[in-house]
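Enquirer:
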Amino acid sequence: MITAETRTVTLDHDVMLDSIMAGLRRGAGDPTHRRIGNGWLRVSRTPDGPVLIMIDAAGRTARARAWGDGAAWALDQLPRLLGATDDPSDFRPLPEHPQLVEAHRRFPSFRVGRTERVIEAILPSCIEQVVTGKEAFRAWRLLVTEYGEVPPGPGGDPESPAYGMRVPPTPEVWARVPSWKFLLAGVEQRRSRPLVRAAGRAAALERTLALSFADADRALQSLPGIGPWTSAEVRQRAHGDPDAWSIGDYHVGKAITWALTGEKLDDDACTELLEPYRGHRYRVQVLLGMAGLTPPRRGPRMTLPTHTPYATRGRS
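Each residue of the sequence shown is one higher than the one before, counting from 1 in our numbering.
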């Protein structure tokens, strides 16, 4: 059994661990993230190798145990994962948006964390393009379970809460996944193509962490198949960009405008409405979501496709 390394860190704000980790998890069945009791398990592939890290927090203190070659890197990086580099000091909700004022009052300690693992953010974001979350989460779970590896430490112990988790595949493995395997998972070529292309540019993508948020956005969108929405989803997680709101999302713009004005409006209207919060537009998105300020559903949910190889189980 690999010996665990441990670390205790104290930040200058209360650690909202659930909010940060839930934003990284791709659905309840994500094999790379799992909630356990009052803490979380996270599996990642660091620059030094795979890691399984167990984190719990109370107040301003977080405690972690980590296993694997990437343990020291993950523990050193832990404060940034928990939002230590996020500075909301100049964020001021406007009085004309009382819902946001109240959300900020309720969650003053929310911070945008950063994983500093770009490839782990961009690949599932490619899978999530233009489909429902249920479809995307299922595909991510199937592919990572098949092509990932058992995490270090207790990950292979059937008695461990980490059993069944998987380290995400390396970029080289992602680049070699056959097209028919993507199709079997429900990922058609318009989504698998940018994923494979991104896997081939993994080193260059990781270098965007050294850029400003604006330059990182431009660099990410220079990759064919990566548009504003995918770039935002990556910067939210890997770069910790508090301004990277999910423009182009089917629901987010409508939810923000409904929360702030009582009307569900399009992304152009949402962009205009968020302009006073430039620099913190993703923070606005998250705070409103944490406060439960989402519009009521009045129509049927989007139906899942019935023509993909996954849906037909190979039947013509």
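All residues carry an ideal CB built from backbone N, CA and C; glycine is no exception.
Helix, strand or coil, according to DSSP, for LEU41 in the structure here?
Expert: As a working note, residue 41 is residue 41 in the sequence shown. Strand at LEU41.
Enquirer: Taking the alpha carbon of THR8 as the point to measure from, which residue in ALA66, HIS280 and ARG35 has its own alpha carbon closest?
Expert: Your numbering for residue 8 matches position 8 in the sequence shown. Comparing Cα positions, the closest option is ALA66.
Enquirer: Note down the Cα distance separating ASP215 from SER222, rounded to an integer number of angstroms.
Expert: Position 215 of the sequence shown, counted from the first residue, corresponds to residue 215. Position 222 of the sequence shown, counted from the first residue, corresponds to residue 222. One C-alpha to the other measures close to 11 Å.
Enquirer: Looking at the unbroken alpha helix (DSSP H) that takes in TRP324, where does it start and where does it end?
Expert: In the structure as shown, the chain starts at 1 and stops at 316, and residue 324 therefore has no counterpart that could be examined.
Enquirer: With the cut-off set at 8 Å, would you say HIS13 and ARG111 are in Cβ contact?
Expert: Translated into the one-based positions of the sequence shown, residue 13 becomes position 13. Translated into the one-based positions of the sequence shown, residue 111 becomes position 111. Against a cut-off of 8 Å, the Cβ pair of ARG111 and HIS13 comes out as a contact.
Enquirer: In three-state terms, what does DSSP make of TRP67?
Expert: On the sequence shown, position 67 is the one that residue 67 refers to. Strand at TRP67.
Enquirer: May I ask you to report which of helix, strand or coil DSSP gives ALA57?
Expert: Position 57 of the sequence shown, counted from the start, is the residue given in the question as residue 57. Of the three classes helix, strand and coil, the one that applies to ALA57 here is strand, per DSSP.
Enquirer: Is it true that the CB of ARG201 sits closer than 8 Å to the CB of TRP245?
Expert: The residue given as residue 245 occupies position 245 in the sequence shown. The residue given as residue 201 occupies position 201 in the sequence shown. Against a cut-off of 8 Å, the Cβ pair of ARG201 and TRP245 comes out as no contact.
Enquirer: Among THR115, LEU183 and VAL101, whose alpha-carbon lies nearest the alpha-carbon of VAL284?
Expert: Within the sequence shown, residue 284 is the residue found at index 284, counting from 1. Cα-wise, what sits closest to VAL284 is VAL101.
Enquirer: Would you list the residues sitting across from ARG35 in a DSSP beta bridge?
Expert: In the sequence shown, counting from the first residue as 1, residue 35 sits at position 35. Answer is TRP40.
Enquirer: Please list, in chain order, all residues of the same chain as SER316 whose beta carbon is under 6 Å from its beta carbon, the five residues on each side excluded.
Expert: Here residue 316 refers to the residue found at position 316 when the sequence shown is read from its first residue. Because SER316 sits at a pLDDT of 39, beneath the cut-off of 50, its placement in the model cannot be relied upon, and the point is left open.
Enquirer: For PRO224, count neighbouring Cβ atoms within 10 angstroms of its own Cβ and tell me buried if that reaches 16, exposed if not.
Expert: The sequence position of residue 224 within the sequence shown is 224, counting from 1. PRO224 comes out exposed.
Enquirer: For GLY153, does the count of other Cβ atoms within 10 angstroms reach 16, so buried, or fall short, so exposed?
Expert: Working through the sequence shown from its first residue, we reach residue 153 at position 153. Its Cβ being crowded by 16 or more others within 10 Å, GLY153 is buried.
Enquirer: Can you grab the Cα-Cα spacing for the pair GLU263 / THR271, in whole Å?
Expert: Indexing the sequence shown from 1 puts residue 263 at position 263. Indexing the sequence shown from 1 puts residue 271 at position 271. Rounded to the nearest angstrom, the two C-alpha atoms are 14 Å apart.
Enquirer: According to DSSP, simplified to helix, strand and coil, what is GLU5?
Expert: For the purposes of this step, residue 5 is taken as the residue at position 5 of the sequence shown. Strand.
Enquirer: Would you tell me roughly how many angstroms separate the C-alpha atoms of ASP217 and GLN129, rounded to the nearest one?
Expert: Locating residue 217 in the sequence shown gives position 217, counting from the first residue. Locating residue 129 in the sequence shown gives position 129, counting from the first residue. One C-alpha to the other measures close to 17 Å.
Enquirer: Indicate the three-state DSSP secondary structure (helix, strand or coil) for ASP12 in the structure shown.
Expert: Here residue 12 corresponds to residue number 12 of the sequence shown, with the count starting at 1. Coil.
Enquirer: Spatial neighbours of ASP249 within its chain, please: CB distance less than 8 Å, with the 5 preceding and 5 following residues excluded, ordered by chain position.
Expert: Sequence index remark: in the sequence shown, residue 249 carries index 249 (1-based). Once the five neighbours on either side are set aside, the close Cβ partners of ASP249 are TRP229.
Enquirer: Compute the beta-carbon to beta-carbon distance between LEU41 and PRO161, rounded to the nearest angstrom, for a pair I have assumed lies under 8 Å.
Expert: Along the sequence shown, one-based indexing puts residue 41 at 41. Along the sequence shown, one-based indexing puts residue 161 at 161. About 7 Å separates the two Cβ atoms, so the contact holds.
Enquirer: CB-CB under 7 Å to LEU195, same chain, minus the five flanking residues each way: which ones, in chain order?
Expert: As a working mapping, residue 195 is identified with position 195 in the sequence shown. So the qualifying residues of the chain are LEU123, CYS126, ILE127 and TRP174.
Enquirer: Determine whether the beta carbon atoms of GLY29 and PHE107 lie at a separation below 8 Å.
Expert: Position 29 of the sequence shown, counting from 1, holds the residue named residue 29. Position 107 of the sequence shown, counting from 1, holds the residue named residue 107. The answer is no: Cβ separation not under 8 Å.
Enquirer: For SER44, does the count of other Cβ atoms within 10 angstroms reach 16, so buried, or fall short, so exposed?
Expert: Looking up residue 44 in the sequence shown gives position 44. Buried, since its Cβ has 16 or more Cβ neighbours within 10 Å.
Enquirer: On a CA-only basis, which of ASP56, ALA22, ARG191 and ARG235 is nearest SER212? Give me that one, please.
Expert: Within the sequence shown, the letter at position 212 stands for residue 212. Answer by Cα proximity: ARG235.
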